[in-house]
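Below you'll find the structure, written out as structure tokens, and then a few comments.
And the structure:
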């Protein structure tokens, strides 16, 4: 009975370690995505920046939400069309 209990304890600790590792890997990947999004924004690749920022913002990343808000405010998040350029709603 004691042997079975020690095997269960080892299994629980192993699973806990795997879960912690998976969470750490996901968090580091998300951090890299934000940095990549900012790099895309700085080189004026707004479509890529939006594609990378949107999932982070939906997950609750405040920095990504702020950056998306600024992109919408300044018109970098919408397609440039002749109609909205004439109306002045599209800013550069």
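Numbering (this note's numbering), first residue to last: 1081 to 1172. Note that CB positions come from ideal geometry on N, CA and C, so glycine has one too.
Indicate the three-state DSSP secondary structure (helix, strand or coil) for residue i in the structure shown.
i, result
"residue 1139", "coil"
"residue 1146", "helix"
"residue 1155", "coil"
"residue 1131", "helix"
"residue 1124", "coil"
Once the 5 residues before and after residue i are set aside, which same chain residues still bring their CB inside 6 Å of it?
i, result
"residue 1137", "1144, 1145, 1148"
Taking the alpha carbon of residue i as the reference point, which residue from the options has its own alpha carbon closest?
i, options, result
"residue 1158", "1131, 1142, 1101", "1131"
I need the straight-line Cα distance from residue i to residue j, nearest angstrom please.
i, j, result
"residue 1151", "residue 1083", "60 Å"
"residue 1124", "residue 1140", "24 Å"
Let's test the definition: count the other Cβ atoms within 10 Å of the Cβ of residue i and tell me whether it reaches 16, buried, or not, exposed.
i, result
"residue 1133", "buried"
"residue 1102", "exposed"
Only counting the same chain, and skipping five residues up and downstream in sequence, which positions put a Cβ closer than 7 Å to that of residue i?
i, result
"residue 1199", "Residue numbering for the chain in the displayed model covers 1081 to 1172; residue 1199 lies beyond these limits and cannot be assessed."
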